[in-house]
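Enquirer:
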Amino acid sequence: MRDKSKYTPMMQQYLTIKENYQDAFVFFRLGDFYELFFEDAQLAAKELEIALTGREAGAEERVPMCGVPHHAADNYINRLIEKGYKVAVCEQVEDPASAKGVVRREVVRMLTPGTVMNQNALNEKENNFIISIVGTTQGYSIVYSDLSTGENYAMNLEKDAQVLMGELISLGCKEIVIGPDVEIKMFDNLRALKQIVLSFEENCILPIEYQILVSEISDSNLQAAFGRLINYLIRTQKSALGHLQPVSLTKNDDFLHIDYNSRRNLELTETIRSKSRQGSLLWLLDKTKTAMGSRLLKQWIERPCINEQVIKERLDVVEAFIGDFMVKEELKQHLNEVYDLERLSGRIGFGNANARDLLQLNSSLKQIPNIKSLLSQLSIPSVFSQLEKMVDCTHMTQLLEKAIAENPPIGIKEGGIIKDGYNETLDEYRYVINHGKDWILALEAQEREKTGIKSLKIKFNKVFGYYIEISKANLHLIPENAGYERKQTLVNAERFVTQELKEKENLILNAEEKSIQLEYELFSELRGIVKNEIPKIQQIAKVLAYFDVLQAFATMSEENRYTRPMLNKNHVIEIKDGRHPVVEKVLKDVQYVENDCIMPSDLSILLITGPNMSGKSTYMRQLALISIMAQIGCFVPASSANLPIFDQVFTRIGAADDLVSGHSTFMVEMMETNYALEHATKDSLILLDEIGRGTATFDGMALAQSIIEYVHDNIGAKTLFSTHYHELTQLEQQCPHLQNRHVRAEEHQGQLIFMHKVMEGPSDKSYGIHVAEIAKLPSPLITRAKELLTALEEDKVMIQPAPVVKEEPKVLGGSGQLSLFEEAKPIVKEVVKVEKKVEIVNPYEDIIEELQSIDLYQLTPMQAMNAMYEIKVKLNNRK
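Under this note's numbering, the first residue of the sequence shown is numbered 1205, with each subsequent residue one higher.
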């Protein structure tokens, strides 16, 4: 804590304000600049790459300082927000001309990553959520809000930190608000991976004026989480929050639940490797025309529907769009003229919308009558129910059309935003500004005619302003009722003013200033009128987003030969000629191989074998994506599809270490598998790829078989299980609800050809060495691998590494230089065999000798396992 008494009054003021905003940069307004001091200045100079200077502030040493011009501050603030910092904007709140002493300053708003309202700092295709968490004995109650759109959602989660972290990552939150009831250390790993800001708010009591927003939610913990969020927003934003929408309760049993790992494995909204949107299912399906539609599509993909009626209503609209090409194309044209109504509403409600925002609102609302008329042609009951939510906004569009200029400036305090003819007084100001001299000349002619004095003149000087000057010789001609008031007497003339001249002078001299002020007042009044209509605008935005997403589905379905899926309650999967939607799209010159997936009601598990790179993982993901597409209401990539409505999707595909939490690939694999086994029901879809490969062969095989048996006997979920353990294919004889499938591959002249076709029955063999050849591993290595494979398959004994033969280095040309290369030595295969003794007193003496002869320190884990296997076989044969 600094001793403020050492500094000047202005710096004391800064230090007092900074005490309340320790976790933020304080942008301190000084004239035309925002200045930063002390540690703020040092860090900001580094992050913003601006000059660090100093300032005399009363103390012995100069105070570190940097600054940015106020008119360019938004760009600098946005850069700091993107880096995960907070910024407190401190403004002068009194006129410096009338201030006594130091000008009073206050923080007028706190800008944080979760409360960004600046259009340039937001991704229009994604929500910007700030999340509030309340810890309970049962779990976590969370509320997440997008301040830019006013959307609010609430959900309860089980008391599992991993589930909570997965949900936070999936929501893409930028800021988390917690209190003493939430353990802060729980977020360490998350903050190491993501630029997430932790903020603190203890007050969870929801203010009375916001209680209406949770009137449909009875859960006191969710109400407390919303209260925590609202109190934080009130404290930091210091602005109206009238655009906030009622809180929607998100229940897991209302949606197809997809945990974070499964969303990542399926690359629903971003790819695993590049973390980019391109290459994901979202990227593929996003043919929307509006920002609201794009955000809604992302929400649908992350939480597909499980309500059969809702799904069928969406499919009906998609089918109708496909059946009426002209309606769909005309709708797209109208949607192209619609701006982001949700975020426009947010800025209007927040009080920072400008005239261009109202112009965009007007342009958007003018499309509503045409859109309603167009969609009513579809003659679908669900369409009419949606259209009823789009209220008539003609009164708003007429008002905005009349009021807002066609090309207004960005600022709202510089004039030029209100049309001529909207306000009579404003029109007079403008006329004065543009025709002030004409007015004076006209008044001069009027006074000459009234008095008959031809030499009468209206003049102006800075001291007296405008006045009428009449020579003394003509004073007697002034009518008694002329209303002239003597202003000044000269030697040869008198100067007068009239009430009309005073008014004209006042108008002319103050017209521009008053014009600008009146325009601001008129605009604020307009913004207030529109603000009262925000709930209607937000409802219109939701309906437009709904139809925008469905026209995108129809567009994709037409372009890519998608078909309408059928839904059943019989636990049946019948997909004919299915395709992976994304892989199919990115394969430009290659024909995608279509595959069926047929699983009757009594078939739970498909055990899939086949070589690496043959397409097992693609086939598995294909089923999941087709199911998800169906449950968001989209047609699917297949010639026909009949699907159950899944309640959950679990995937364990691919290998990834969780280095931040210290978990290995195998541990991650086991944890994800365990999560699926704990939560899956018979109505779930489980995709497990190569389970058990992260450990020793027999360990892995044992785990894989036991997992399959557990799913088969205890869960009964539709499951695709791919493996390289050919021994597991025998399970088809033991498990009545399991069948083998294999991905076909053929050898031609020693080359492996992948057919990418899924066939009935198990694979005949593994093709690992062939894949290694394709990967261009060294030829000697491939040769050695084939020899080892033959020995293992035929002799069933452990193969020792080839001995290393050391030779003296050769001398080239008698110069003493060592040869850099030696002739390649033949690879020696040595099979270790134990000679049997003719006379054995102890029937296990040879096995004991064999055990004693093994040098454990020279064996790899695999060699040790093979040795133990051979010994176990011998022991079993002696029984």
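All residues carry an ideal CB built from backbone N, CA and C; glycine is no exception.
Quick caveat, the model's predicted, so the values are computed rather than measured.
(1) Is residue 1443 near residue 1313, with beta carbons less than 8 Å apart?
(2) Quick one: grab the DSSP three-state call for residue 1758.
(3) Spatial neighbours of residue 1491 within its chain, please: CB distance less than 7 Å, with the 5 preceding and 5 following residues excluded, ordered by chain position.
(4) So, with DSSP's three-state summary, where would you put residue 2042?
(5) Under 8 Å by Cβ, that's how I've got residue 1931 and residue 1944 pegged, so tell me the actual separation to the nearest angstrom.
(6) What separation, rounded to the nearest whole angstrom, lies between the Cα atoms of residue 1831 and residue 1770?
(7) Apart from the five residues on each side of it in sequence, which residues of its chain come closer than 6 Å, Cβ to Cβ, to residue 1613?
(8) In the structure shown, what three-state DSSP assignment does residue 1596 receive?
(9) Using DSSP with H/G/I as helix, E/B as strand and the rest coil, what is residue 1669?
(10) In terms of alpha-carbon separation, which member of 1529, 1552, 1993 lies closest to residue 1581?
(11) Count the other C-beta atoms from every protein chain shown that fall within 10 angstroms of the C-beta of residue 2043, then say buried if there are 16 or more, exposed otherwise.
(12) Give the straight-line distance between the Cα atoms of residue 1269 and residue 1401, rounded to the nearest whole angstrom.
(13) In this structure, what does DSSP give as the bridge partners for residue 1431?
(14) Runs of 4 residues minimum, wholly inside the segment 1596 to 1676: which ones carry the alpha helix (DSSP H) assignment?
(15) Let me know if residue 1149 comes out buried or exposed under the rule of 16 or more other beta-carbons within 10 Å of its beta-carbon.
(16) Per DSSP, which one or two residues make a beta bridge with residue 1847?
(17) Just reading off the beta strand (DSSP E) that residue 2166 is part of, what are its end residues?
(18) Decide if the segment 1715 to 1728 is in contact with the segment 1630 to 1646; the criterion is three or more beta carbon pairs, one per stretch, under 8 Å apart.
(19) Within 10 Å of its beta-carbon, does residue 1508 have 16 or more other beta-carbons around it, so buried, or fewer, so exposed?
(20) Exposed or buried, which one is residue 2037 when buried takes at least 16 other CB atoms within 10 Å?
(21) Check each candidate in 1827, 1615, 1462 and name the one with the smallest Cα separation from residue 1559.
(22) Out of 1708, 1281, 1291, 1785, point me to the one whose CA is closest to residue 1642's CA.
(23) With a 10 Å radius around its C-beta and 16 neighbouring C-beta atoms as the bar for buried, classify residue 1611 as buried or exposed.
(24) Which ranges does the alpha helix (DSSP H) cover as unbroken runs of at least 4 residues, wholly within the segment 1917 to 1941, from first to last along the chain?
(25) Under a three-way DSSP split, which group does residue 1349 fall into?
(26) As an exercise, report each continuous alpha helix (DSSP H) stretch of at least 4 residues that is fully enclosed by the segment 1677 to 1763, in chain order.
(27) Rounded to the nearest angstrom, what separates residue 1670 and residue 1649 at their Cα positions?
(28) With distance defined between alpha-carbon atoms, name the residue in 1506, 1732, 1488 nearest to residue 1464.
(29) Have a look at 1696, 1540, 1825, 1549 and flag the residue whose alpha-carbon is nearest the alpha-carbon of residue 1752.
(30) Drop a sphere of 10 angstroms on the beta-carbon of residue 1916, count the other beta-carbons inside from all chains shown, and report buried for 16 or more, exposed for fewer.
(31) Whole angstroms is fine: what's the gap from residue 1982's alpha carbon to residue 1988's?
(32) Is residue 1255 helix, strand or coil when you go by DSSP?
(33) Taking C-alpha atoms, which residue in 1768, 1885, 1779 lies nearest to residue 1526?
(34) For residue 1785, count the other beta carbons within 10 Å of its own beta carbon; 16 or more makes it buried, fewer makes it exposed. Which is it?
(35) Hey, would you say residue 1356 sits closer than 8 Å to residue 1452, going by beta carbons?
(36) Should residue 1301 go down as buried or exposed, given a rule of 16 or more other Cβ atoms within 10 Å for buried?
Expert: On the basis of the supplied data:
(1) Cβ atoms of residue 1443 and residue 1313: closer than 8 Å.
(2) DSSP places residue 1758 within a helical segment (H, G or I) once states are collapsed to three.
(3) Within the same chain, 1756, 1759, 1760 come within 7 Å of residue 1491 by CB-CB distance, once the 5 residues on both sides are set aside.
(4) Legend: pLDDT at residue 2042 = 42, less than 50; position of this residue unreliable, value from coordinates given subsequently. Residue 2042 falls in the coil class under three-state DSSP.
(5) Contact doesn't hold; Cβ gap of about 12 Å is too wide.
(6) Approximately 11 Å between the Cα atoms of the pair.
(7) Result list for residue 1613: 1620, in chain order.
(8) Note: residue 1596 maps to coil in three-state DSSP.
(9) Three-state result, residue 1669: strand.
(10) The residue with the shortest Cα to Cα distance from residue 1581 is 1529.
(11) Interpretation of residue 2043 is limited by its pLDDT of 45, a score under 50 that renders its predicted location unreliable; the figure taken from the coordinates is listed afterwards. So residue 2043 counts as exposed.
(12) The straight-line gap from Cα to Cα measures roughly 25 Å.
(13) Bridge partners of residue 1431: none, in fact.
(14) The segment 1596 to 1676 is shown to contain whole alpha helix (DSSP H) runs of 4 or more residues at 1598 to 1607, 1628 to 1655, in chain order.
(15) Nothing can be reported for residue 1149, as the shown portion of the chain is limited to 1205 through 2083.
(16) According to DSSP, residue 1847 bridges with 1771.
(17) This structure does not reach residue 2166, given that the chain is present from 1205 up to 2083, and the question cannot be answered.
(18) Result yes; three or more Cβ-Cβ pairs closer than 8 Å.
(19) With 16 or more Cβ atoms within 10 Å of its Cβ, residue 1508 is classed as buried.
(20) Bear in mind that the predicted position of residue 2037 carries a pLDDT of just 40, short of 50, making it too unreliable to give a figure here.
(21) Ranking the options by Cα distance to residue 1559, first place goes to 1615.
(22) That would be 1708, whose Cα lies nearest to the Cα of residue 1642.
(23) Result: exposed.
(24) Annotation note: the segment 1917 to 1941 contains the following uninterrupted alpha helix (DSSP H) runs of length 4 or greater, listed N- to C-terminal: 1935 to 1938.
(25) Of the three classes helix, strand and coil, the one that applies to residue 1349 here is strand, per DSSP.
(26) Those alpha helix (DSSP H) runs which fall completely within the segment 1677 to 1763 and span 4+ residues are 1703 to 1735.
(27) So the alpha carbons of these two residues sit roughly 15 Å apart.
(28) The shortest C-alpha separation from residue 1464 is found at 1506.
(29) Of the candidates 1696, 1540, 1825, 1549, the one whose C-alpha sits nearest the C-alpha of residue 1752 is 1540.
(30) Buried.
(31) Those two C-alpha atoms are separated by around 10 Å.
(32) If DSSP states are grouped into helix, strand and coil, residue 1255 belongs with coil.
(33) Looking only at 1768, 1885, 1779, the smallest Cα-Cα distance to residue 1526 is reached by 1768.
(34) By the 10 Å Cβ count, residue 1785 comes out buried.
(35) Against a cut-off of 8 Å, the Cβ pair of residue 1452 and residue 1356 comes out as a contact.
(36) Within 10 angstroms of the beta-carbon of residue 1301 lie fewer than 16 other beta-carbons, which makes it exposed.
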